[in-house]
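Data first, discussion second: the structure below is written as structure tokens.
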Amino acid sequence: MATCSERFLSYDDICKRPAFDQNYEISPDNFHKLIGKYSFKERHICQVRTNKGICRQKHNNGWLGVSLEGVEALIGCDCAVNYFSAHDDFIREKNRVNDELDRKEALEKMSLLLEKKLETASYIVDLEKTVKEVEGKLSEIYNTFPNDVLSFLYDAQRTNNWDVFVDVQKFKTVKDENGESFPQESWIKSKLGKISAISPSMDLKRLLDNVTDLRKFYNSFATVRPDDLADIKTPKLKKHVKRLGLKDEYAQLIVKYNEEVSAFLKESNMELLIYVCDSNKEQFLTTQALMRLSGLKAAHSTYIDKRLKSIKDKMEKLFGGDYIRKSVR
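Under the working numbering, the first residue of the sequence shown carries the number 1339, and numbering increases by one thereafter.
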């Protein structure tokens, strides 16, 4: 397939063409063929004339057409739909340009990937290595924390509510019917903080599977020589380009998940989880878990109890030293 069609990203590039006339008016009646497509950051005037008059609306996207007189002019995307959609020559030309550009751009991308075989292969291998490391950290989180914390995490992922609330114990002096003063207890629901969100472990496992599949696919595809690309039909070529293009999407996801895990593993974040627990035992196990995940010794109950007390003291200072508990409301 010939690849003479062009994609224009700059209006200046079109203005430099000898046959282009920015004052010319092109119409379905004088249309001859298409040179290519344009996609500009800025908007430029459409040069289509119809029985309703000249368009003159500004568009970012459209087609560079040629009239029967050989003059080039812009056909805006809207006018192409409104006034040329029933024009057989325009439809045929539009399909030709799309097919040629699809193949041309797919060939360019595949050729570039094959020219950088080692670099691309190394990039994908590094992605797989990194996602394994992040997946390992996330799995350790889920395998280390006790049931109360896991229940909170699963509920938070489902509802997207990561807030931790506590009940603050308050006392005020009141008098009974005999005029005797006595302390009256009340509990005030208050927000303690917000847990840094983490994704379900299945998301990381799925990403790891996808990256591994991509590595295997590229290893098999890398045996293709640049000269062999001409024999690959456009749909299959585009499919290969799309699949290999996923490496950048996967890289962004890995960064996202790694940032999530790093933020979650901060001690100040994990300490909030003490107050999602329903029992002293679960608080103890949660403290033990966060100590292990922080790289601290957590083998002896004395160390764990001491750390748990220090966390509670720190949290209660946020409320003026008042006793706090997991909110029951």
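All C-beta atoms in this analysis are idealised placements derived from N, C-alpha and C, irrespective of residue type, glycine included.
**OP:** Consult DSSP for P1521 and reduce its assignment to one of helix, strand or coil.
**Re:** Indexing the sequence shown from 1 puts residue 1521 at position 183. Three-state result, P1521: strand.
Subject >> Residue(s) in a DSSP beta bridge with W1401 >> reply: As a working note, residue 1401 is residue 63 in the sequence shown. Partner(s): K1375, I1413.
Original post:
Residue ranges of each beta strand (DSSP E) run of no fewer than 3 residues wholly in the region 1517-1591, ordered along the chain?
Top reply: 1519-1532
Original post:
In whole angstroms, what is the alpha-carbon distance linking S1343 and I1429?
Top reply: Stepping through the sequence shown from its first residue, residue 1343 is reached at position 5. Stepping through the sequence shown from its first residue, residue 1429 is reached at position 91. If I take the Cα positions, the gap works out to 15 Å.
Subject >> Reduced DSSP secondary structure (H/G/I, E/B, other) of E1664 >> reply: Numbered from 1 along the sequence shown, position 326 holds the residue referred to as residue 1664. A quick correction: the sequence has Lys, not Glu, at residue 1664. Three-state DSSP puts K1664 in a strand.
Original post:
Quick one, which of V1593, N1481, S1423 has its alpha-carbon nearest P1366's?
Top reply: Here residue 1366 refers to the residue found at position 28 when the sequence shown is read from its first residue. When each option's Cα is compared against that of P1366, the closest is S1423.
Original post:
If you pair each beta-carbon of the region 1351-1364 with each one of the region 1398-1413, do three or more pairs fall below 8 Å?
Top reply: The answer is yes - the region 1398-1413 touches the region 1351-1364, with three or more Cβ pairs under 8 Å.
Subject >> Contact set for V1469: own chain, Cβ-Cβ below 6 Å, skip 5 residues either direction >> reply: Taking the first residue of the sequence shown as position 1, residue 1469 is located at position 131. Hits under 6 Å: L1545, L1546, V1549, I1592.
Original post:
Is the Cβ-Cβ distance between V1502 and V1614 less than 9 Å?
Top reply: Within the sequence shown, numbered from 1, the residue matching residue 1502 stands at position 164. Within the sequence shown, numbered from 1, the residue matching residue 1614 stands at position 276. Going by C-beta atoms, V1502 is nearer than 9 Å to V1614.
**OP:** Sort out for me which residues DSSP pairs T1388 with in a bridge.
**Re:** Sequence index remark: in the sequence shown, residue 1388 carries index 50 (1-based). T1388 pairs with G1391.
**OP:** Report buried or exposed for C1353, applying the criterion of at least 16 other Cβ atoms within 10 angstroms of its Cβ.
**Re:** Here residue 1353 is taken as the residue at index 15 of the sequence shown, counted from 1. With fewer than 16 Cβ atoms within 10 Å of its Cβ, C1353 is classed as exposed.
Original post:
In terms of residue numbering, what span does the beta strand (DSSP E) encompassing R1345 cover?
Top reply: Against the sequence shown, residue 1345 aligns to sequence position 7. Element bounds for R1345: 1344-1346.
Original post:
Do L1552 and R1581 have their CB atoms nearer than 9 Å?
Top reply: To locate residue 1552, count along the sequence shown from 1; it is residue 214. To locate residue 1581, count along the sequence shown from 1; it is residue 243. Going by C-beta atoms, L1552 is nearer than 9 Å to R1581.
Original post:
Looking at G1414 and H1397, is the spacing between their C-beta atoms short of 9 Å?
Top reply: Within the sequence shown, numbered from 1, the residue matching residue 1397 stands at position 59. Within the sequence shown, numbered from 1, the residue matching residue 1414 stands at position 76. Yes.
Original post:
When we look at the beta-carbon of M1540 and count the other beta-carbons within 10 Å, is it buried (16 or more) or exposed?
Top reply: Stepping through the sequence shown from its first residue, residue 1540 is reached at position 202. M1540 should be labelled exposed.
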